[in-house]
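Working notes for the structure below.
In the UniProt record's numbering, the protein residues as written are 1 to 301.
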């Protein structure tokens, strides 16, 4: 029996290699030869299958993720060539079919391995690479970009962040509620972003970064959360990946100010707290990453 992607949301459409084969045969017969191979990932919005040596197929898992696919299809061909690392550009746009209800995409395959938290051989070099990528992305002047969901003022996440913290505690997570609320309030109180909206990746998690054999950044993938807004959210790797000793190198290369750094701590905390109770049982690896981020933030205080 074909292996389906394990659901993480109550309203997911079942996706497996057989579905991908049917879609390709129906819409792109020139690529129907290679067997689609599922790419295992902690990602929550899209399922991905490798297709031969150079291509991949990405399909939204839920209706809410369709916008991420269409955003990549529209903006990555313009944004990608302006960035200093490889970005897997869309090659073709699939339409609903073969029982699948949403648009999907065929894109370039990016080579590399995901970094392992706690297992970085050259963390300072990677920190500099990441900071330079963030700085270059934020410096892009490409008008008309859509607002990023994670580019808005932190205050809009206040109720959801506090509710998620309460839910995580209710579920038995051993969290220092008062200490976390202190970090959160400091981020809310920090001066907001007053510059023009900048281009954001929006989800610089370890699973969206690819390294070469020397553990240097070679590619950045999954731009589904891309858009424009406050640059703070793109400093997330400081806590979800890098050790404390390498954060200064990352911050220096990214070039962000003190207020942005404090807001970035708030973004890291909010993302981790909201993910933790929702994915606690659905996606244990992502829940573990959330606990790691929370622990790193607490160690800094």
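We put the beta carbon where it would ideally sit given N, CA and C, even for glycine. Given the structure is predicted, the values throughout are model-derived calculations rather than measurements.
Q: Specify the secondary structure class of residue 240 as computed by DSSP and reduced to three states.
A: helix
Q. Is the beta carbon of residue 194 within less than 8 Å of some heavy atom of the ligand ATP?
A. The ligand ATP is absent from the structure shown, which contains no ligands of any kind.
Q) By the 10 Å Cβ neighbour count, where 16 or more other Cβ atoms means buried, how is residue 194 classified, buried or exposed? A) exposed
Q: Classify residue 194 as helix, strand or coil using the three-state DSSP reduction.
A: coil
**Q.** Secondary structure, beta strand (DSSP E): runs of 3+ residues fully inside the segment 22-64
**A.** 46-51 and 55-60
Q | Cutoff 6 Å; reference residue 104; Cβ partners in own chain excluding five residues on either side | A | 59 and 94
Q. What is the DSSP secondary structure of residue 166, reduced to helix, strand or coil?
A. helix
Q) Shortest alpha-carbon distance to residue 151 belongs to which of 264, 47, 43 and 286? A) For the residues 264, 47, 43 and 286, the minimum Cα distance to residue 151 belongs to 264.
Q | Whole alpha helix (DSSP H) elements within the segment 250-283, 4-residue minimum | A | 258-279
**Q.** Spatially closest choice to residue 133 from 119, 217, 206 and 185, by CA coordinates
**A.** 217
(Q) Quick check for students: name the residue ranges of the alpha helix (DSSP H) that lie wholly in the segment 85-172, counting only runs of 4 or more. (A) 123-139 and 158-170
Q.
Helix, strand or coil for residue 203? Go by DSSP, reduced to three states.
A. coil
**Q.** Sub-9 Å separation of residue 148 and residue 227 beta-carbons
**A.** yes
Q | As assigned by DSSP and simplified to three states, the class of residue 234 | A | helix
Q.
Just to confirm the assignment, what range does the alpha helix (DSSP H) spanning residue 361 have?
A. Only positions 1 to 301 of the chain appear in this structure, which leaves residue 361 out of reach.
**Q.** Candidates 189, 282 and 46: closest to residue 63 by CA position
**A.** 46
**Q.** residue 26 versus residue 97: straight-line alpha-carbon distance, rounded
**A.** 8 Å
Q: Report the rounded CA-to-CA distance for residue 234 versus residue 15, giving the unit in angstroms.
A: 30 Å
Q) Which word fits residue 116, buried or exposed, when buried means at least 16 other C-beta atoms lie within 10 angstroms of its C-beta? A) exposed
Q. Ordered along the chain, which non-local residues of its own chain (more than five positions away) have a Cβ less than 8 Å from that of residue 160?
A. 270 and 274
Q: Just tell me which of 68, 238, 81 and 107 has its CA closest to the CA of residue 141.
A: 81
Q.
Taking the beta strand (DSSP E) that residue 229 belongs to, which residues open and close that run?
A. 227-229
Q: Kindly indicate which residue of 100, 92 and 119 has the alpha-carbon position closest to the one of residue 108.
A: 92
(Q) By the three-class DSSP mapping on this structure, what secondary structure does residue 210 have? (A) strand
Q: Pull up the distance between the alpha-carbon of residue 67 and that of residue 162, whole angstroms please.
A: Distance between the alpha carbons of residue 67 and residue 162 is about 27 Å.
Q: Could you spell out where the alpha helix (DSSP H) holding residue 83 opens and where it closes?
A: Neither: residue 83 is in no alpha helix (DSSP H) and is coded neither H nor E.
Q. Is the beta carbon of residue 272 less than 9 Å from the beta carbon of residue 247?
A. no
Q) For residue 208 versus residue 43, is the C-beta spacing smaller than 9 Å? A) yes
Q: Name the residue from 12, 212 and 184 whose alpha carbon lies nearest to the alpha carbon of residue 125.
A: 212
Q: State the DSSP-derived secondary structure class of residue 16, mapped to helix, strand or coil.
A: strand
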